[in-house]
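Residue numbers (the numbering used here): 29 to 326. A short write-up of the structure that comes next.
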Amino acid sequence: MTAELTAAKPQNIKRPRDIKRPQAKSRIRPAIGYLLLCLIALAFLSPLIYMVATSFKDPAEVFGIPPTLFGSAFRWQNYTEALNYLPFLRFMGNGLLVAGLGTILNVTVSVLSGYAFSRLRWRGRNLIFVVFLATLMIPQEVLVVPMFVMMQQIGWVNTFQSLIVPWAFTAFGAFLLRQFFLGVPQELDDAARVDGAGTVKTFLLVMLPLAGPTLAVLAVFSFIGYWNSFLWPLIVINDVSNLGTVPLGLQMFFSAQGSQWHLVMAAAVISMAPTLLLLILLQKHLVKGIATSGLGGR
Numbered sequence: 029m030t031a032e033l034t035a036a037k038p039q040n041i042k043r044p045r046d047i048k049r050p051q052a053k054s055r056i057r058p059a060i061g062y063l064l065l066c067l068i069a070l071a072f073l074s075p076l077i078y079m080v081a082t083s084f085k086d087p088a089e090v091f092g093i094p095p096t097l098f099g100s101a102f103r104w105q106n107y108t109e110a111l112n113y114l115p116f117l118r119f120m121g122n123g124l125l126v127a128g129l130g131t132i133l134n135v136t137v138s139v140l141s142g143y144a145f146s147r148l149r150w151r152g153r154n155l156i157f158v159v160f161l162a163t164l165m166i167p168q169e170v171l172v173v174p175m176f177v178m179m180q181q182i183g184w185v186n187t188f189q190s191l192i193v194p195w196a197f198t199a200f201g202a203f204l205l206r207q208f209f210l211g212v213p214q215e216l217d218d219a220a221r222v223d224g225a226g227t228v229k230t231f232l233l234v235m236l237p238l239a240g241p242t243l244a245v246l247a248v249f250s251f252i253g254y255w256n257s258f259l260w261p262l263i264v265i266n267d268v269s270n271l272g273t274v275p276l277g278l279q280m281f282f283s284a285q286g287s288q289w290h291l292v293m294a295a296a297v298i299s300m301a302p303t304l305l306l307l308i309l310l311q312k313h314l315v316k317g318i319a320t321s322g323l324g325g326r
């Protein structure tokens with residue numbers, strides 16, 4: 029027995045070269061992973077980089093041969109010309125009004141419906157929720173015609189109400205908030221009722237503060253949806269000069285006299301400012317909200 033152990037002992041000793049190999053592999057694999065992630069990120073960012081670079085080019089260099097990423101000089105006046113070429117600031121103001129009010133209305137409706145579908149007990153709740161959720165399967169292009177007829181019948185065509193109200197009652201927000209409220213322990217409701225709180229007080233003082241990060245996620249998604257909406261404003265708005273939003277304003281750069289691509293890119297960069305600022309301000313809440321609302325793949 030002693031002889032066998034003595035014979036097996038040298039085989040278990042690792043040589044220094046065998047120890048170094050795993051360490052080298054452990055360093056190379058993350059480096060390759062980071063390199064691939066950087067290349068993928070660069071591929072996704074390439075349209076954004078091209079847009080920003082083109083916004084500083086001279087008009088003659090936008091489609092110049094050979095193509096260049098940046099022009100011979102930075103043309104800062106493209107931004108002032110873009111603002112003066114059209115009433116673009118008015119389009120920005122209209123977009124902020126529509127997106128801001130639409131986001132507030134959408135978040136309010138979603139949090140109330142999500143709470144009703146998750147915490148309140150009433151007959152037919154699950155069936156109605158399934159029907160409500162099935163509306164997500166209907167493409168927007170199918171809805172625009174009946175919605176336009178509805179707006180025409182109630183006299184809302186060519187108004188801000190037609191841009192805000194129809195898209196405030198979507199099932200996505202209700203589903204998002206319902207999933208969050210289902211994850212909150214029932215003991216919190218019981219404890220609130222023991223303290224004498226009713227349904228409304230429990231919702232306002234207990235549930236609503238807990239839903240802050242999820243509300244931030246919904247607010248960002250809703251704001252971006254309103255801000256970038258093009259098809260519905262194009263159909264329902266006739267007076268584009270006074271009621272048009274940013275996507276409609278960008279379309280007006282394409283005229284019969286030709287496309288002002290350098291101004292289009294400059295206006296597009298300006299139009300990104302509100303959504304970018306919103307994402308920066310709510311970044312911390314977004315990460316927390318996505319992790320707790322079920323969008324993180326849990």
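Backbone N, C-alpha and C define an ideal beta-carbon position, used for all residues, glycine too. These numbers come from a predicted model, not from an experiment.
Cβ neighbours of residue i in the same chain (closer than 8 Å, five flanking residues each side left out)
{"i": "L278", "result": "V292, A295, A296, S299"}
{"i": "D217", "result": "R147, T230, V234"}
{"i": "G121", "result": "none"}
{"i": "A36", "result": "Only weak support exists for where A36 lies, its pLDDT of 49 falling under 50; the value from the coordinates is given anyway. Correct list: empty, nothing qualifies."}
Between the CA atoms of residue j and residue i - distance to the nearest angstrom
{"i": "L97", "j": "A81", "result": "6 Å"}
{"i": "L90", "j": "W255", "result": "For the sequence presented, residue 90 should be read as Val rather than Leu. Near 27 Å, if we compare the C-alpha coordinates of W255 and V90."}
{"i": "I308", "j": "F249", "result": "14 Å"}
{"i": "A127", "j": "P194", "result": "13 Å"}
{"i": "V158", "j": "V170", "result": "20 Å"}
{"i": "T30", "j": "I68", "result": "For T30, the predicted structure reports a pLDDT of 46, less than 50, and the residue's modelled location is therefore unreliable. The matter cannot be settled from this model."}
{"i": "K312", "j": "L305", "result": "13 Å"}
{"i": "G28", "j": "R103", "result": "No statement about residue 28 is possible, as the shown extent of the chain runs from 29 to 326 and does not include it."}
{"i": "Q105", "j": "N266", "result": "31 Å"}
{"i": "L271", "j": "S257", "result": "14 Å"}
{"i": "L129", "j": "P167", "result": "23 Å"}
{"i": "P275", "j": "F282", "result": "12 Å"}
{"i": "L164", "j": "F203", "result": "10 Å"}
{"i": "V315", "j": "L205", "result": "16 Å"}
{"i": "A219", "j": "A225", "result": "9 Å"}
Local conformation of residue i per DSSP, three classes
{"i": "F157", "result": "helix"}
{"i": "F176", "result": "helix"}
{"i": "F282", "result": "strand"}
{"i": "G325", "result": "Confidence is the limiting factor: at G325 the pLDDT is only 44, short of 50, which leaves the residue's position unreliable and the question unanswerable from this model."}
{"i": "L97", "result": "coil"}
{"i": "Q213", "result": "According to the sequence displayed, residue 213 carries Pro and not Gln. Coil."}
{"i": "D218", "result": "helix"}
{"i": "K316", "result": "helix"}
{"i": "W195", "result": "helix"}
Close-in-space but distant-in-sequence residues of the same chain around residue i (CB under 7 Å, 5 per side omitted)
{"i": "G325", "result": "Low confidence applies here, because G325 scores a pLDDT of 44, under 50, leaving its location unreliable; read the following figure in that light. Nothing listed; no residue qualifies."}
{"i": "F231", "result": "Y143"}
{"i": "S190", "result": "M179, W184, V264"}
{"i": "L238", "result": "V212"}
{"i": "R153", "result": "F145"}
{"i": "L111", "result": "L117"}
Spatial neighbours of residue i in its chain, beta-carbon cut-off 6 Å, leaving aside the 5 residues before and after
{"i": "K85", "result": "G99, H290"}
{"i": "T227", "result": "none"}
{"i": "T101", "result": "With the sequence shown as reference, residue 101 is identified as Ala, and Thr is not the correct amino acid for it. Excluding residues within five positions, none has a Cβ falling inside 6 Å."}
{"i": "I252", "result": "T303"}
{"i": "T34", "result": "Because the pLDDT of T34 is 48, which lies under 50, any placement of that residue in the model is unreliable, and the number read from its coordinates should be weighed accordingly. Within the same chain, T34 has no close Cβ partners at all."}
Bounding residues of the alpha helix (DSSP H) (the contiguous stretch that carries residue i)
{"i": "M293", "result": "289-299"}
{"i": "F145", "result": "116-146"}
{"i": "G253", "result": "240-256"}
{"i": "N106", "result": "105-113"}
{"i": "I192", "result": "188-192"}
{"i": "V185", "result": "Segment: none, V185 is in no alpha helix (DSSP H) and carries neither H nor E."}
{"i": "V268", "result": "268-271"}
{"i": "T227", "result": "227-230"}
{"i": "V90", "result": "That residue, V90, is in no alpha helix (DSSP H); it is neither H nor E in DSSP."}
{"i": "I263", "result": "259-264"}
Pick from the options that is closest to residue i, judged by C-alpha positions
{"i": "F197", "options": "F160, C66, V264, L76", "result": "F160"}
{"i": "S269", "options": "I263, W260, M280, L259", "result": "M280"}
{"i": "V139", "options": "P75, K316, A247", "result": "A247"}
{"i": "Q207", "options": "V228, D218, R147", "result": "R147"}
{"i": "R118", "options": "L205, I265, M175, T273", "result": "T273"}
{"i": "L125", "options": "A220, L238, V222, F188", "result": "F188"}
{"i": "P87", "options": "S54, E215, I77, Q288", "result": "Q288"}
{"i": "W260", "options": "V173, A199, I60", "result": "V173"}
Below-8 Å beta-carbon distance, residue i vs any chain E residue
{"i": "Q181", "result": "Reference to chain E is not applicable here, since this structure consists of a single protein chain."}
Check: residue i C-beta below 7 Å from any heavy atom of the ligand SAH
{"i": "I77", "result": "What this structure holds is no ligand at all, so the ligand SAH is not there to describe."}
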